[in-house]
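*Asks:* Mapping of the sequence shown onto this note's numbering: residues 4 to 168, in sequence order.
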Amino acid sequence: MRRYQISVAGLLRGSGKRQTFEIVGTLSELFVTSSRVAPEEPIAVAGDVEAVGEGLLVDVRISTRFEGECVRCLEPVSGKLDLEARELFREGETSDEAYGFTGEVVDLSELIRDQVVMALPAVPLCRPECLGLCQHCGKNLNLGACGCDSDLGDLRWAGLDKLDS
Ligand SMILES: [Zn+2]
Ligand SMILES: [Zn+2]
Numbered sequence: 004m005r006r007y008q009i010s011v012a013g014l015l016r017g018s019g020k021r022q023t024f025e026i027v028g029t030l031s032e033l034f035v036t037s038s039r040v041a042p043e044e045p046i047a048v049a050g051d052v053e054a055v056g057e058g059l060l061v062d063v064r065i066s067t068r069f070e071g072e073c074v075r076c077l078e079p080v081s082g083k084l085d086l087e088a089r090e091l092f093r094e095g096e097t098s099d100e101a102y103g104f105t106g107e108v109v110d111l112s113e114l115i116r117d118q119v120v121m122a123l124p125a126v127p128l129c130r131p132e133c134l135g136l137c138q139h140c141g142k143n144l145n146l147g148a149c150g151c152d153s154d155l156g157d158l159r160w161a162g163l164d165k166l167d168s
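1) Please list, in chain order, all residues of the same chain as residue 169 whose beta carbon is under 7 angstroms from its beta carbon, the five residues on each side excluded.
2) Among 86, 100, 103, 55, whose alpha-carbon lies nearest the alpha-carbon of residue 121?
3) Name, in chain order, the residues that DSSP records as bridge partners for residue 67.
4) Suppose you measure from the CA of residue 147 to the CA of residue 79; what does that come to, to the nearest Å?
5) With respect to the alpha helix (DSSP H) encompassing residue 35, which residues constitute its N-terminal and C-terminal limits?
6) Taking the beta strand (DSSP E) that residue 113 belongs to, which residues open and close that run?
7) Which of the three DSSP states, helix, strand or coil, is assigned to residue 144?
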């Protein structure tokens, strides 16, 4: 597994204002309730680090794929995540204002983790108009109506049942 670490020795010594990076790696434990980035799914990050007065300004684009389950019908859902972020890194511990770094290495893992988890769909749907599962028999109603007498079904389907028979 490649680490999302960038050596910034040159920037810290003032031998350049900006440096670019491109890293493809993986991160585990990226999930919210109904969606996640699989631990083996590649996460590509690219961008640049710029030395600024207060520290290092990181511009990053993050691309990966998520998977999950539709919250209504429980069928698999997947999609792309393309994110952009600009965050300040400062020597020391991570604080409210900036991510921290120690020595001459900036580790982007925490930033990537925060961005990806924030972007994961909390309520994934296979499609906006998904009909979900019947609460009585569990049938996926996207595949057709079931024969259940649900309260709603009574009114909507009673008439059709008569026409059918
Ligand atoms: Zn669905
Ligand atoms: Zn049913």
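Beta carbons are placed, not taken as given, at the ideal position from N, Cα and C, and that holds for glycine.
Quick caveat: nothing in here was measured; it's all calculated off a predicted structure.
*Replies:* Reading off the structure:
1) As shown, the chain starts at 4 and ends at 168. That puts residue 169 outside it, with no answer to give.
2) Start at 1 with the first residue of the sequence shown, and residue 121 comes out as number 118. Selected option, being the one with the closest Cα: 86.
3) Taking the first residue of the sequence shown as 1, we reach residue 67 at position 64. Bridge partners of residue 67: 84.
4) Here residue 147 refers to the residue found at position 144 of the sequence shown. Here residue 79 refers to the residue found at position 76 of the sequence shown. Going by the C-alpha atoms only, they are around 18 angstroms apart.
5) Residue mapping note: residue 35 aligns to position 32 of the sequence shown, counting from 1. Careful: residue 35 lies outside any alpha helix (DSSP H) and carries neither H nor E.
6) Walking along the sequence shown from the start, residue 113 turns up at place 110. Run containing residue 113: none in the beta strand (DSSP E); it sits in the alpha helix (DSSP H), 112-122.
7) As a position in the sequence shown, residue 144 is number 141, starting the count at 1. Of the three classes helix, strand and coil, the one that applies to residue 144 here is helix, per DSSP.
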